[in-house]
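In what follows, a structure is listed as structure tokens, so that the remarks can point back to it.
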Amino acid sequence: MFFAFLGGAISVSGLASHYFAEPQQTVSVNEDSLWQPFSLEKLAQLRAQGRPVFVNFTAKWCLTCQMNKPVLYGDAVQKMFETHGIVTLEADWTRKDPGITEELARLGRASVPSYVYYPGDNSAPVVLPEKITQNLLEDVVSRFVR
């Protein structure tokens, strides 16, 4: 009886994962990416120059951050950032950098992952959800590109 129950539970689990799991995308990851280290000074300088900036607030211990990495570092997203002149900064919060903590707090965030698009026109930053997709990033950028 126990084995029948166990077999049924495994079958239901398999069906659920088949129907409710997101399809896996194969993404080409660009190891020679355009990402620069984050600093408050660098962000302020870029915003003063009217440059659009995308910041990946991440940490090595953050599982969701690591799962989103193939999207952010994929060739298609890297090309989109480059095409639109978007400067990409990586804010590595692995060791709880105080400058990163300060910016997260200013944005109303307590932790990572946080993905933020700072438009080139210096309007309010756009804080994206924790789970990101290429389509979401393209939609956000297209709202600000002229």
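Residue numbers in the sequence shown follow numbering that gives the first Met the number 0, run continuously in steps of one, and reach 145 at the last position.
Glycine included, every Cβ here is placed at the ideal spot set by N, Cα and C.
Please state whether DSSP places residue i in a helix, a strand or coil.
i    : result
A121 : The identity of residue 121 in the sequence shown is Asn, whereas the question assumes Ala. It is coil, neither helix nor strand.
G73  : strand
T132 : coil
A104 : helix
S113 : strand
V139 : helix
What do you get for residue i, buried or exposed, if any count of 16 or more other CB atoms within 10 angstroms of its CB means buried?
i    : result
P112 : buried
Q77  : buried
D138 : exposed
Using CA coordinates, which residue listed in the options is at the minimum distance from residue i?
i    : options               : result
P128 : V76, A75, T63         : T63
A47  : F56, A90, N121        : N121
T132 : M66, W60, R50         : M66
G119 : D96, Q35, W34, F53    : F53
P51  : Y117, Q44, L71        : Y117
L88  : F143, V144, E137, Q44 : Q44
### Query
Of all the alpha helix (DSSP H) runs that stay within the bounds of the region 34-85, which reach a length of 4 or more residues?
List check, alpha helix (DSSP H) in window: 39-47, 62-71, 74-82.
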